[in-house]
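First to last, the protein sequences are chains S, B, P and L.
In this text, residue positions in the first sequence follow my numbering: the first is 776, and each later residue adds one.
In this text, residue positions in the second sequence follow my numbering: the first is 776, and each later residue adds one.
In this text, residue positions in the third sequence follow my numbering: the first is 10, and each later residue adds one.
In this text, residue positions in the fourth sequence follow my numbering: the first is 10, and each later residue adds one.
Built from N, CA and C at the ideal position, the CB exists for glycine as well.
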Amino acid sequence: MSGAFDQMYREVILDHYKNPRGHGTIEDPDAEADGQNPLCGDEVSIYVAFADDGETIAEVKFSGRGCAISQAATSMLMEMSVGRTATEVATMEKEELLEEIAIPLTPVRLKCAMLGLTTLKVALHKAKGTPLPEGLAGFDELELT
Amino acid sequence: MSGAFDQMYREVILDHYKNPRGHGTIEDPDAEADGQNPLCGDEVSIYVAFADDGETIAEVKFSGRGCAISQAATSMLMEMSVGRTATEVATMEKEELLEEIAIPLTPVRLKCAMLGLTTLKVALHKAKGTPLPEGLAGFDELELT
Amino acid sequence: MGNVVVNTATKLDAHALRADFPIFEQEFHGKPLAFLDSAASSQKPRQMLEAMNRFYETSYANVHRGVYELAERATEGLEHARERTRAFINAPSTREVIFLRNATEALNLVAYSWGLNNLGPGDAVVVTELEHHSNFVPWQYIAKRQGADFLMLSIDESGDPDLSQLEEIARDHTVKVVATNLVSNSLGTIHDLVPLVEWAHEQNAIFVCDAAQAAPHMKLDVQALDCDFLAISGHKMCGPSGIGALWGRAELLQSMEPFLLGGHMISSVRADKTMWGELPHKFEAGTAPMAEAVGLGAAIDYLEAIGLDKIEAHEHELAAYALGRLGEVPGITLYGPSAERRAGVVSFNLEGIHPHDVAQILDLQGVAIRAGHHCCQPLMHKLGVAATNRASFYLYTIPEEIDQLVEGLYAVRKVFA
Amino acid sequence: MGNVVVNTATKLDAHALRADFPIFEQEFHGKPLAFLDSAASSQKPRQMLEAMNRFYETSYANVHRGVYELAERATEGLEHARERTRAFINAPSTREVIFLRNATEALNLVAYSWGLNNLGPGDAVVVTELEHHSNFVPWQYIAKRQGADFLMLSIDESGDPDLSQLEEIARDHTVKVVATNLVSNSLGTIHDLVPLVEWAHEQNAIFVCDAAQAAPHMKLDVQALDCDFLAISGHKMCGPSGIGALWGRAELLQSMEPFLLGGHMISSVRADKTMWGELPHKFEAGTAPMAEAVGLGAAIDYLEAIGLDKIEAHEHELAAYALGRLGEVPGITLYGPSAERRAGVVSFNLEGIHPHDVAQILDLQGVAIRAGHHCCQPLMHKLGVAATNRASFYLYTIPEEIDQLVEGLYAVRKVFA
Ligand SMILES: Cc1ncc(COP(=O)(O)O)c(C=O)c1O
Ligand SMILES: Cc1ncc(COP(=O)(O)O)c(C=O)c1O
């Protein structure tokens, strides 16, 4: 059984959780979005600065709280995104991130793992004015004040 | 089995159905109401004329369509009501009518048998300005035009 | 047995299928049960009941939010049922499939959520004289509330909506909603909706299809129908009570306000600001009818294993047989179209005998039919009656039950002779 | 086992009762199941499942309108369940008991049907910071729609609504609705509603009681509570999914517009005029959740045979035991009141470890708890957390499950050490 814990909470996950890469904010970011995991109330904000070409991701940071899976996945995502183009990242397959995380995930925990990526994609699509793909649209749903 | 038919559709019921007593209308009635059986769409209208004391039921008529049970029960009710006071009839126990009908009734058919009595009671309460008892109130529910 | 020729190799065997339905194991009034009221609600196959029991006994927990295994299993059960329902109506995405209590709630959702925010004075909602109250009263109510017009297409001699009225309607109104059934629960008519759908879309109106009576009996395809919303009820198609579904186009659902509000349908809640959740959750407030959804999924499995084409053919055959046999009964009036154009529903009246009395005396002979207005009072009004008798059939109906009905009617006539 | 002294002769025997619940027959991850998420939804006793199966197998048909015997039996099943529900909450009349899908729908019915016709600018709806989203978002939405104010009573240090705010609220607003829960699903608090009910009635406001979390655990009495509406959910109290009930005072229900419209809720329908049906039918459009109502009735029979006083005492005892044992775990924060004031719900956090991770690692040890905001985001916000862990108990919960939880938490700490 402790084998099962080790599988899910392997060293690298716990390391990213305890020492998240890219944690922080960017003043006047070029792209930015907030995401919620409605299942647990976790919130993440992501900030992106583009290089001079207006396309390459020069810097990307996140703030917010979450479980080890979501924090570690977002931390890994930060490392994976720097230096790539906005289009590349906005269309990144979720499998790419999942391979990096490399732990067995149930559907609910998949939502945790995807919170950062989904939010980053929303930020990039909004900055580029490209339409949000199906399934992301929910994140800027109707508001009521 | 034909015993079961005979019990429910006994001679007197069929007679009242085929030759309903008090079938018709009264011009300028002193009391009047319409009733529906929402289960089958049957409708009945009841008209009452009081004697000079303004209390004794001098004449009572009904129009409308319905099944043998409802028509026969209403027909019997007409005979039972003439000469009695409005207050007496408005508070008549349903058992009194059921004894007259004297057939086994399931809950749904009970609604058929009670359509005339309920409508007559509504007419009398409305004419006298007395509040409708619980369970009758539904008959003058909200309308939408 | 009528003149419908079907390849016997591909016909369904109703006598054999009856064994799946525990209800037929009892007698009524000393006779086998002739259950001819499936249009009101169908009986339940063992396979469906077992699927629900298995869910409760091995996989039950509240869905979606739980991290533990039982909750994951329960969520999977619910979402698998959503996928089965999606495939059943050929919807593009499970995001568009919303679980509700029944078709009535589905139609109310559209009337409230779309209607309260899109209808106003000068606008019109168009329904037909053949609608079930559930596709009639919500529109009547919401139209009235919004100051819009509520228009009813009357039916012609053959019982079909009279389309010659459309031109005038389009001239005088901004038509915003056209709502009709696909199969009439009173007359059994299978409608050709193409002209109405095309007309609705020419008017930029939404087309709402009440498929409550169609879903049990024929293959549905929301993309081929080209409708905007479609409503079904599980209990009419071998599923449990307490479950129905609304399908709607994602763009429409996305742009609509939610209907019921509360747990599960939000993405965040604060006193000063609340954000809705993603589809389909936005329209599923509170704890879902989980086991009922699982039951609906199992019912769909059951129906598809038999084949909806076979079910439909079986019903046409029974309708033809019933129309023939009932036609022999003296004093009978039969309503509705020819057998090829109808699902397994036959409405009729016996001269001078009220349907309640007909049904009562039939019951004493073990024959269960419906007597009433079938939630179609506008149609009854048109037919000039308060009520009709209605015999309706399903995959487990056998011709012997129709024989039992016909015999029963002769006994009814004798009582009232 | 704690210091709650109960006469053993009258105590319930949770070990014995577990045998009624098939879910406990399996192991999870090689361990017996410690199911500590009953506040989200309870497990189901065999007796309840059997009652539903029996209904489907012997008494199923659509209710109310059928003249034949099966329909009469089905109607009797539904109406008997209504009477059982009436008695359970001590309502004056079955006319006041409306069957719906869940507590969420019940609360929406009141918000829509009463709120859309009685709220306007200058009016206020008052809820508490402790509400479940289902008793929060509908009021927020309808108040906004009607231009009324939506006010949230914040809670004080002890987690109770701070009543010192009432005076100012009454001064500045016409209070029309006060809506609160009786038992909090996050903190487990059993509220003393008397002061709020009295205040609401002084304001001529209606008092809406969300009893979704109270109904499973304690004897309810709408007349003693003196509320105007009360909502419950079957799935939390050993009943099936897909059923809940609203109770409302007859005078209020009678004077209200209906909510869902369609079949069954009318007394007559014409294109130009429709009349509503009698109570409770006026609020029950479409085919009812019949089997689910029967299941709810059977669940009530089950609970009452055990005795709600015994269930409540059992939960207080478990809460006391859990608070004691959990209090030993290093780094734990426990939320909520003392054991005597709480139902079987304990929310907590482990320092530096997110509830999702806690629940995940517990799951791998066969312990099922809930991790999340429990549909109480406003409360979470106040507590300064996104989520908590919540262990919740019911009549079948045994102290060994709490031991399994505590052991599990030590393992969680080890992973994150
Ligand atoms: C206090 C409270 N209110 C309302 C609800 C909503 O219940 P349901 O989801 O069954 O509608 C719940 C259950 O989650 C609850 O605990
Ligand atoms: C054509 C049609 N529409 C709608 C309904 C309503 O279905 P339900 O009562 O399941 O909501 C029915 C069933 O009675 C129907 O036959």
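{"Item": "If I measure Cβ to Cβ from Q56(P) and keep anything under 7 Å in the same chain, skipping five residues before and after, which residues do I get?", "Value": "D29, A307 and Y311"}
{"Item": "Here's the rule: buried if 16 or more other CB atoms are within 10 angstroms of the residue's CB, otherwise exposed. What is A294(L)?", "Value": "buried"}
{"Item": "When the Cα atoms are used, what is the spatial distance from I215(P) to A209(P)?", "Value": "7 Å"}
{"Item": "In chain B, which residues lie with their C-beta within 8 Å of the C-beta of I275(L)?", "Value": "P813"}
{"Item": "If you reduce the DSSP assignment to three classes, tell me which class I411(L) lands in.", "Value": "helix"}
{"Item": "So if I threshold CB-CB distances at 8 Å, which residues from the segment 870-898 of chain S count as touching chain P?", "Value": "T881, P882, V883 and R884"}
{"Item": "By Cβ distance below 7 Å, which residues in the same chain neighbour V787(S) in space, the five residues on each side in sequence not counted?", "Value": "none"}
{"Item": "Go ahead and pull the three-state DSSP assignment for G306(L).", "Value": "helix"}
{"Item": "Hey, out of T19(P), K20(P), G271(P) and S143(P), whose CA is closest to T296(P)'s CA?", "Value": "G271(P)"}
{"Item": "Let me make sure I understand the geometry here. Which of I98(P), K391(P) and T84(P) has the alpha-carbon closest to that of V231(P)?", "Value": "I98(P)"}
{"Item": "Find out if the Cβ-Cβ distance for the pair F159(P), A179(P) is shorter than 9 Å.", "Value": "no"}
{"Item": "H182(L) and G131(L): beta carbons closer than 9 Å?", "Value": "yes"}
{"Item": "Ends of the alpha helix (DSSP H) at T94(P)?", "Value": "E78 to F97"}
{"Item": "So if I threshold CB-CB distances at 8 Å, which residues from the segment 154-165 of chain L count as touching chain P?", "Value": "F159 and M161"}
{"Item": "Can the beta-carbon of E324(L) be found closer than 9 Å to that of A368(L)?", "Value": "no"}
{"Item": "Quick one, which residues of the segment 363-380 of chain L are near chain S if we go by CB-CB under 8 Å, in chain order?", "Value": "H363, P364, H365, D366, Q369, I370, L373, Q374 and A380"}
{"Item": "Can you check DSSP and say which residues form a bridge with L162(P)?", "Value": "T137(P)"}
{"Item": "Any heavy atom of ligand 1 closer than 8 Å to the Cβ of T137(L)?", "Value": "no"}
{"Item": "Would E410(P) be called buried (16 or more neighbouring beta carbons within 10 Å of its own) or exposed?", "Value": "buried"}
{"Item": "For the segment 72-106 of chain L, list every residue whose C-beta sits within 9 Å of some C-beta in chain B, in sequence order.", "Value": "H73, R74, G75, V76, E78, A80, E81, T84, E85, E88, S102 and R104"}
{"Item": "Mapping the DSSP letters down to three states, classify S47(P) as helix, strand or coil.", "Value": "coil"}
{"Item": "Report the residue from F825(B), Y784(B) and E870(B) whose alpha carbon sits nearest the alpha carbon of V835(B).", "Value": "F825(B)"}
{"Item": "Rounding to the nearest angstrom, what Cα-Cα distance links I107(L) and L343(P) in this structure?", "Value": "38 Å"}
{"Item": "How about A23(L) and G375(L): do their beta carbons lie closer than 9 Å?", "Value": "no"}
{"Item": "Which runs of the beta strand (DSSP E) at least 3 residues long sit entirely within the segment 154-234 of chain P? Give them in chain order.", "Value": "158-162, 183-190 and 215-219"}
{"Item": "Within its chain, find whatever has a CB closer than 8 Å to the CB of S122(L); leave out the 5 residues flanking it on each side and keep chain order.", "Value": "M265, E266, P267, F268 and F292"}
{"Item": "In whole angstroms, what is the alpha-carbon distance linking Q52(P) and R27(L)?", "Value": "33 Å"}
{"Item": "State yes or no: is the C-beta of L895(B) within less than 9 Å of the C-beta of A843(B)?", "Value": "no"}
{"Item": "So, does the CB of G286(L) fall closer than 9 Å to a CB anywhere in chain B?", "Value": "yes"}
{"Item": "Is any heavy atom of ligand 2 found at a distance shorter than 8 Å from the C-beta of K53(P)?", "Value": "no"}
{"Item": "For my contact list, I252(P) and G304(P) are in at a C-beta cut-off of 8 Å; report their separation, rounded to the angstrom.", "Value": "7 Å"}
{"Item": "Under 8 Å from any heavy atom of ligand 2, does the C-beta of K886(S) make it?", "Value": "no"}
{"Item": "Taking 8 Å as the line, does the beta carbon of D219(L) fall inside it for any heavy atom of ligand 1?", "Value": "yes"}
{"Item": "Is K153(P) near ligand 3, in the sense that its beta carbon is under 8 Å from a heavy atom of that ligand?", "Value": "In the structure on display, ligand 3 does not appear, and the ligands it does have are ligand 1 and ligand 2."}
{"Item": "When you compare the CB positions of V823(B) and L907(B), do they come within less than 9 Å of one another, or not?", "Value": "no"}
{"Item": "Which residue wins for smallest C-alpha separation from L239(P), given the options A220(P), E301(P), A233(P) and G248(P)?", "Value": "A220(P)"}
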